[in-house]
Ligand SMILES: Cc1ncc(COP(=O)(O)O)c(C=O)c1O
């Protein structure tokens, strides 16, 4: 058999023309979102004041297995997709493992991450509905950049609330986002009631994704013809991100391989949800049985130490309630360097699959060990990975080293979600030996759990 190439690309013609909705194959759906005003399950019309109509429909669609990708979005995808499925021959050699390591590299666009896949879709549908401006939050800055790119492409105004600690760590994110014509503010800011409230309680807070979401939602609701868009967590975002998994699935078919282990970092769950979607579909329909691992920071361990409970998606408690693994919407994670993984909750789809044992395992890793893996990977694969993505690299390396011990030649797939060019403060601190690990105590976590909402008859 001829050797598998370093990089496998689909042709433009082979690119998926439909997203895959894994919910259609789930035996049981995640518990419904609840409207915190009525305490009743959310309907499309409850969502449309916040998000645009087509996206609200996608959010609640549990039956359409495939959803057409509109041609305009397909055309935009072609500017930066297909992304390569890369065989990590050099990494394998450096590790001395018999494992076959593959990664799907999503960092080859200016946003530096997979986030553009959903940004393109969300801005397109907003524009089509006649929405003139959008608001959003961003953690690491990749989502904000991706959305700024898509907004300038489709011609919609955008305001981005960026988690303050990341805003300070990565000043050039602001310049990139402004270059694409969007407005960016550090969150919490004094421009919203939610932001002012958070600042009153803790003027020195570094913020969190939960705070930034509150600010963005408030601004969207108060601004005429404006909607809010979210870069992760929601079912619709996982749907758009299924393009990652669909391309990967097809690429594996082309080279006659199939992964035994699938690994993704998990912040809100969108890249992992997208990468694993068709493989999870295979599992749910009995065609294959890959082993799935979600990787999160030890400093923000929603899957490994969180509660499976209804919670707000934001700190300001204005969003619908979602049943998910959560550390509590008031939990503010320590200022680690993986801004995109500093989120108190987790996608309801990922949470449900994990709770039901379909997503086999969640692992929490410390940031110094993550950066050990990131710099090792960079040396052999020549890509400088984002700190978020490096969580998946850490576990892929650990699994490959296990194979070295057992002599098994497992096929390992991980998502390399992005590049770390804006994370040089993090790399500098690691290189100087100044990086530390913060792991919350049980007491810290109890404070977050204490603020979980009460829902009569459901969560007392
Ligand atoms: C490069 C990168 N990877 C991963 C993530 C985590 O997000 P998600 O879990 O939604 O994929 C982010 C979020 O900002 C990111 O920027």
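Residue numbers (my numbering): 1038 to 1497.
The beta-carbon is built from N, C-alpha and C at its ideal position, and this holds for glycine as well.
Query                                                                                                                                                                                             : Result
Determine the extent of the beta strand (DSSP E) in which residue 1302 is found, giving its start and end residues.                                                                               : 1298 to 1302
Please state if the CB of residue 1334 and the CB of residue 1402 are separated by a distance shorter than 8 angstroms.                                                                           : yes
I want to check one thing, is the minimum distance from the CB of residue 1463 to the heavy atoms of ligand 1 below 7 angstroms?                                                                  : no
Looking at the unbroken alpha helix (DSSP H) that takes in residue 1407, where does it start and where does it end?                                                                               : 1404 to 1418
Can you tell me the Cα-Cα spacing of residue 1175 and residue 1355, whole angstroms?                                                                                                              : 17 angstroms
Relative to ligand 1, is the shortest distance from any of its heavy atoms to the C-beta of residue 1152 smaller than 7 angstroms?                                                                : yes
Report the residue from 1339, 1313, 1423 whose alpha carbon sits nearest the alpha carbon of residue 1058.                                                                                        : 1313
I want to know whether the region 1419 to 1430 touches the region 1283 to 1296 - three or more CB-CB distances under 8 angstroms.                                                                 : no
Taking the Cβ atom as the reference point for each residue, do residue 1110 and residue 1157 lie within a distance shorter than 8 angstroms?                                                      : yes
Please state if the CB of residue 1310 and the CB of residue 1485 are separated by a distance shorter than 8 angstroms.                                                                           : no
With distances taken Cα to Cα, identify the nearest neighbour of residue 1136 among 1142, 1409, 1273, 1444.                                                                                       : 1444
Compute the minimum distance between the beta carbon of residue 1395 and the heavy atoms of ligand 1, and state whether it is under 7 angstroms.                                                  : no
Less than 8 angstroms between C-beta atoms, sequence neighbours within five positions excluded: which residues of the same chain meet that for residue 1400?                                      : 1330, 1331, 1332, 1333, 1341, 1432
Would you list, in sequence order, the uninterrupted beta strand (DSSP E) runs of no fewer than 3 residues that lie entirely inside the region 1297 to 1361?                                      : 1298 to 1302, 1328 to 1334, 1344 to 1349
Between the C-alpha atoms of residue 1388 and residue 1361, what's the straight-line distance to the nearest angstrom?                                                                            : 5 angstroms
Can you list the alpha helix (DSSP H) stretches of 4 or more residues lying completely in the region 1064 to 1144, in chain order?                                                                : 1081 to 1084, 1090 to 1097, 1108 to 1117, 1126 to 1132
Closer than 7 angstroms: is that where the CB of residue 1179 sits relative to any heavy atom of ligand 1?                                                                                        : yes
The alpha helix (DSSP H) that contains residue 1432, what's its start and end?                                                                                                                    : 1424 to 1443
In angstroms, rounded to a whole number, what distance separates the CA positions of residue 1358 and residue 1247?                                                                               : 13 angstroms
Which value, in whole angstroms, describes the spacing of the CA atoms of residue 1396 and residue 1488?                                                                                          : 27 angstroms
Hey, how far is the Cα of residue 1196 from the Cα of residue 1351?                                                                                                                               : 17 angstroms
Flag this pair as touching only if the region 1281 to 1291 and the region 1247 to 1263 have three or more C-beta atom pairs under 8 angstroms; answer yes or no.                                  : no
What is the rounded straight-line gap between the Cα of residue 1159 and the Cα of residue 1446?                                                                                                  : 40 angstroms
Using DSSP's beta-bridge definition, name the partner residues of residue 1273.                                                                                                                   : Its beta-bridge partners do not exist; DSSP assigns none.
Around the Cβ of residue 1119, are there at least 16 other Cβ atoms within 10 angstroms (buried) or fewer (exposed)?                                                                              : buried
Going straight from the alpha carbon of residue 1082 to that of residue 1088, what length do you get?                                                                                             : 10 angstroms
Using only the alpha-carbon positions, how far apart do residue 1417 and residue 1453 sit?                                                                                                        : 14 angstroms
Taking the Cβ atom as the reference point for each residue, do residue 1455 and residue 1150 lie within a distance shorter than 8 angstroms?                                                      : yes
Closer than 7 angstroms to a non-hydrogen atom of ligand 1 - does that hold for the CB of residue 1308?                                                                                           : yes
Does the region 1370 to 1377 come into contact with the region 1459 to 1475, if we say contact requires no fewer than three beta-carbon pairs (one atom in each stretch) closer than 8 angstroms? : yes
Just checking, does the region 1267 to 1278 make contact with the region 1088 to 1102 on the three C-beta pairs under 8 angstroms criterion?                                                      : yes
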